[in-house]
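Novice: If you count the sequence shown from 1, position 249 lands on 249 in UniProt numbering, and the numbers rise without skipping. A virtual CB, placed ideally from N, CA and C, is assigned to each residue, including glycine. The structure presented is a predicted model; accordingly, all values stated were derived computationally and were not measured. Attaching a single structure in structure tokens format; questions to follow.
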Amino acid sequence: SAGKKKYETEYVRGNASFGMSVFNLGNAIMGSGILGLSFAMANTGIALFILLLVSVAIFSLYSVHLLLKTANEGGARVYEELGQKAFGMPGKLAASCAITMQNIGAMSSYLYIIKYELPIVIEAFTGAKDEWYTNGDYLVLLVSLCIILPLSLLRNLGYLGYTSGLSLLCMVFFLIVIIKKFQIPCPLPFLDAVNETALMANSTPSTINSTEDVCTPKYVVINSQTVYALPILIFAFVCHPTILPMYEELKDRSRKKMQNVANVSFTAMFIMYLLAALFGYLTFNINVEAELLHTYSKIYKDDVLLLIVRLAVLAAVTLTVPVVLFPIRTSIIHLLGSHKDFSWVRHFIITLVLLGGTNALVIFVPTIKDMFGFFGASAASMLVFILPSAFYIKLVKKESMKSVQKIGALLFLVSGILVMFGSMTLIIYDWVANRGHV
């Protein structure tokens, strides 16, 4: 097909340098997840958060190790193909659904950022408040229709592929600003009496008893929101479906070289994540919201630097939505088994349904942490823990089930299943229990 040929002429096999691969993988890892990390830290405390972050980073790298080893044995270079080779159609479906769900989660979180941040930017420029054009729900629909839909309808990504580089740079810029804006008075001036009573009502009396309590960072915290921390972290580290295509494009490729690419990328992201979470948390303490950038709007209404960050992040996420939508659409077309001939009608309908569906999610789901939590606990756990270990156990024939490697993979599989079901149960419980307060 034309799409396939184009792909082969555009990318000569194996011409990505080590540095370029590290950068590309960094882009794949870095998404909107970074905005939820301070919230996770506020609900686990500094010590527990660092422990969780280190664990998730190491687990994600172990998962990359399993994938690379399995790909070498199984000879497949696409995540879904590994599923097919390991468990036939069910395996392919499981992989496909997990990737699709993860991507829908990513798309929703990007649209969420538009819903949260664009109104603030427009208010800053027009000075208007409570107009229809400062309503996040209208704005997200408008941006989806006017910018995202036309870009998503392109047949090939072309230059859009480069915008992911933009998003990584934006987040680096965002991190620098978080560190720069560190000196915010505590207790926050905007927390007037009204807000404090609201806070009091929402939490047990013991948690907020004095100003000093609001302003001292905690090392270990356990509360009803702690269940979101692990899924948010897993969501922030998922990049596993892109590992195999990147391995394919690596110059002078070897498993060891690709593993090193992953090690460098993950270490860099780990440092960025830790700094962002720490400075965001230390700036706002207990008042940090599920979406960090939005928390700043309460203090800096018209700060130029933060306005630039908002614009940069908005540009990045708007341009990344089509990039994420492409693989979902391709995957759906493949599953329908109708990828032989290109049809504009099918192309258009699938795109419209996907964008419409994610817009509906974003308009009706109350906060971004529900997105991070739900998709992190389900799809991300599948992609990081469950599928790579299951593929490894099934496809790497030369090791017996009693070998250290297989036992390791089995433990990994079991812990993945526990994380997935445990987190989902607790999150759903939290939804049911706390819907009254929202």
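DSSP state of residue 153, grouped into three classes?
Specialist: coil
Novice: For residue 147, which of 238, 318, 360 has the nearest alpha-carbon?
Specialist: Among 238, 318, 360, the Cα nearest to that of residue 147 is on 318.
Novice: Between the Cα of residue 422 and those of 24, 230, 20, 108, spot the shortest distance and give me the residue it belongs to.
Specialist: 230
Novice: Which same chain residues, not among the five before or five after residue 419, have their C-beta less than 6 Å away from its C-beta?
Specialist: 381
Novice: Which runs of the alpha helix (DSSP H) spanning at least 4 residues fall entirely within the stretch 16-62, listed in chain order?
Specialist: Inside the stretch 16-62, DSSP marks whole alpha helix (DSSP H) runs of 4 or more residues at positions 18-29, 37-42, from first to last along the chain.
Novice: Considering only residues of the stretch 241-327, which uninterrupted beta strand (DSSP E) runs meet the minimum length of 3 residues and lie entirely inside it, listed in chain order?
Specialist: none
Novice: Enumerate, from N- to C-terminal direction, the unbroken alpha helix (DSSP H) stretches of 4 or more residues contained entirely within the stretch 94-162.
Specialist: 136-143, 149-152
Novice: Please state whether the Cβ-Cβ distance between residue 82 and residue 88 is less than 9 Å.
Specialist: no
Novice: Would residue 209 be called buried (16 or more neighbouring beta carbons within 10 Å of its own) or exposed?
Specialist: Only weak support is given to the placement of residue 209: the predicted model assigns it a pLDDT of 48, under 50, and the value that follows is read from those uncertain coordinates. It counts as exposed.
Novice: Quick check on DSSP: helix, strand or coil for residue 329?
Specialist: helix
Novice: Evaluate residue 65 with the Cβ neighbour count: other Cβ atoms within 10 Å of its Cβ, from every protein chain shown; 16 or more gives buried, anything less gives exposed.
Specialist: buried
Novice: Would you tell me roughly how many angstroms separate the C-alpha atoms of residue 346 and residue 153, rounded to the nearest one?
Specialist: 11 Å
Novice: Short of 6 Å in beta carbon distance, which residues of its chain neighbour residue 45, apart from the five on each side in sequence? Order them along the chain.
Specialist: 218, 219, 220, 221
Novice: Do the CB positions of residue 60 and residue 384 come within less than 9 Å of each other?
Specialist: Pairing residue 60 with residue 384 gives a Cβ-Cβ distance under 9 Å.
Novice: Can you give the beta carbon distance from residue 291 to residue 368, rounded, assuming they're within the 8 Å contact cut?
Specialist: 5 Å
Novice: Should residue 228 go down as buried or exposed, given a rule of 16 or more other Cβ atoms within 10 Å for buried?
Specialist: buried
Novice: Would you decide whether residue 356 is buried or exposed? Buried here means 16 or more other CB atoms lie within 10 Å of its CB.
Specialist: exposed
Novice: When you compare the CB positions of residue 323 and residue 21, do they come within less than 9 Å of one another, or not?
Specialist: no
Novice: Residue 30 and residue 168: beta carbons closer than 9 Å?
Specialist: yes
Novice: Determine the extent of the alpha helix (DSSP H) in which residue 429 is found, giving its start and end residues.
Specialist: Annotation: the continuous alpha helix (DSSP H) that includes residue 429 extends over 404-434.
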